[in-house]
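Here the sequence shown stands for residues -16 to 261, numbered as in the numbering used here.
By construction, the Cβ of each residue, glycine as well, lies at the ideal position given by its N, Cα and C atoms.
Predicted model only: the values in this text are computed from it and were never measured.
Okay, structure first, notes after.
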Amino acid sequence: MKNEEFKKDKKIILFEADGNLKFSKTILQDYHTHIFCHRGSASFNFKDNPFTCKTGEFVFWFAESQLGNLQFSKNFKATILCIDKDFLNDNMPDQSWSIDAMLHSREHPVLYLNDKQDKQKVLCNFRLLHDKFQESEHRFYEAALKLQMQMFLLEMWHTFANEYERRKRTLQSGTLYERFLHLVQVNCMNEREVQYYALQLHITAKYLNYICKQNSGVSASEWIQRYTRERLIVLLQNKHLNIAEIADEMTFSSRSFFTRYVKKIFGVTPSEYRNRLG
-16 MKNEEFKKDK
-6 KIILFEADGN
4 LKFSKTILQD
14 YHTHIFCHRG
24 SASFNFKDNP
34 FTCKTGEFVF
44 WFAESQLGNL
54 QFSKNFKATI
64 LCIDKDFLND
74 NMPDQSWSID
84 AMLHSREHPV
94 LYLNDKQDKQ
104 KVLCNFRLLH
114 DKFQESEHRF
124 YEAALKLQMQ
134 MFLLEMWHTF
144 ANEYERRKRT
154 LQSGTLYERF
164 LHLVQVNCMN
174 EREVQYYALQ
184 LHITAKYLNY
194 ICKQNSGVSA
204 SEWIQRYTRE
214 RLIVLLQNKH
224 LNIAEIADEM
234 TFSSRSFFTR
244 YVKKIFGVTP
254 SEYRNRLG
């Protein structure tokens, strides 16, 4: 795919790639990238962790992801779908799954397809979205394209639902540290104090911090803030929610307290953060 074909006015880009694939800075910065690997392999660093995608596997990168050392095998062959980040974010279905799926993808960019039928569903989903984007003469083009974007997301979440649930079960039945991470994922919208999680695990807050430090080098409060931050990003990107509604959904006692919390995490107020998104 030639870089000149990547035009910013293109909301949806679908193409076939080989081992000579190179992503432009524009694509990595402005587009969410979906890769289905037909043959060969792709290796990359994601948040400084190494990952490999092999035949029959699926990769998802958010725009502006911390990516590095992208390499493709000589026999690499893949179908790649790039979606303008603003277009996808503006048409996110209002589902709790959106947060679960996005949080999962921010930590686990490689997903596994269990059978041939699922692989065909993913590729069909790619084509349906791209075909709708190209159907610019449609009388209700904008509305139809937005609905197709939502259908795309719902179908992808459905296809990978078992993967999300499997990882959740692993965390639920794991060590104290893994159980803590699961509890934070489930409850950080409403519970942001270390003491709450320590009580759920029947240990002291001091011991919970010790466990977290031993396993990850990160304190319990930092983990809580990380997961809360990811949820804030998703909610603030949802233009259908106003600031007061987000504060209520996250059970902050007042909008001013919510504003101070957001400023502590992002360095700017919720309104300023949204203005940056454009």
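Residue i - containing beta strand (DSSP E), residue span
i	result
Cys65	60 to 67
Glu40	40 to 44
Gln54	50 to 55
Arg238	Note, Arg238: premise wrong, no beta strand (DSSP E); alpha helix (DSSP H) at 238 to 249.
Lys37	32 to 37
Asn28	24 to 29
Glu(-1)	-5 to 1
Leu94	93 to 95
Residue burial classification, residue i (beta-carbon count within 10 angstroms, cutoff 16)
i	result
Arg175	buried
Leu130	exposed
Gln168	buried
Cys171	buried
Gln49	exposed
Gln197	exposed
His223	exposed
Leu260	exposed
Asn(-14)	Only weak support is given to the placement of Asn(-14): the predicted model assigns it a pLDDT of 40, under 50, and the question is left unresolved by the model.
Asn97	exposed
Arg243	exposed
Lys247	exposed
His121	exposed
Val245	buried
Phe123	exposed
Pick from the options that is closest to residue i, judged by C-alpha positions
i	options	result
Phe143	Lys(-7), Ser7, Val42, Ala227	Val42
Ala46	Arg89, Asn173, Gln103	Arg89
Cys205	Arg214, Val217, Asn192	For the sequence presented, residue 205 should be read as Glu rather than Cys. Closest by alpha carbon: Asn192.
Asp13	Cys20, Gly23, Phe29, Ile(-5)	Ile(-5)
Asp31	Gly51, His21, Leu224, Thr16	Gly51
Ala203	Asp101, Arg214, Gln178, Asn72	Gln178
Phe29	Gly39, Trp44, Glu40	Trp44
Pro76	Asn258, Leu136, Arg110, His87	Leu136
Ile207	Ala181, Asp231, His121, His185	Ala181
Glu148	Lys189, Ala84, Glu138	Ala84
Cys195	Asn173, Tyr160, Leu215, Ala188	Tyr160
Glu138	Lys104, Ile10, Arg212, Lys99	Lys104
Glu40	Phe6, Ser7, Lys8, His91	His91
Beta-carbon gap between residue i and residue j smaller than 7 Å
i	j	result
Gln183	Leu166	yes
Phe241	Phe249	no
Glu146	Leu94	yes
Leu218	Ile229	yes
Gln220	Asn72	yes
Lys284	His15	Missing from the structure shown is residue 284; the chain here goes from -16 to 261 and no further.
Thr35	Ser26	yes
Endpoints, alpha helix (DSSP H) assigned at residue i
i	result
Phe109	99 to 117
Lys189	188 to 199
Leu136	124 to 142
His165	159 to 170
Lys8	8 to 13
Glu205	203 to 220
Leu184	177 to 184
Asn258	253 to 260
Glu228	226 to 232
Check your understanding: Is it true that the region -10 to 8 meets the region 55 to 64, where meeting means three or more beta-carbon pairs spaced less than 8 Å apart?
Key -> Contact annotation: the region -10 to 8 touches the region 55 to 64, with at least three C-beta pairs closer than 8 Å.
Review point. Okay, do the region 58 to 72 and the region 19 to 29 touch, 3+ Cβ pairs below 8 Å being the bar?
Key: The answer is yes - the region 19 to 29 touches the region 58 to 72, with three or more Cβ pairs under 8 Å.
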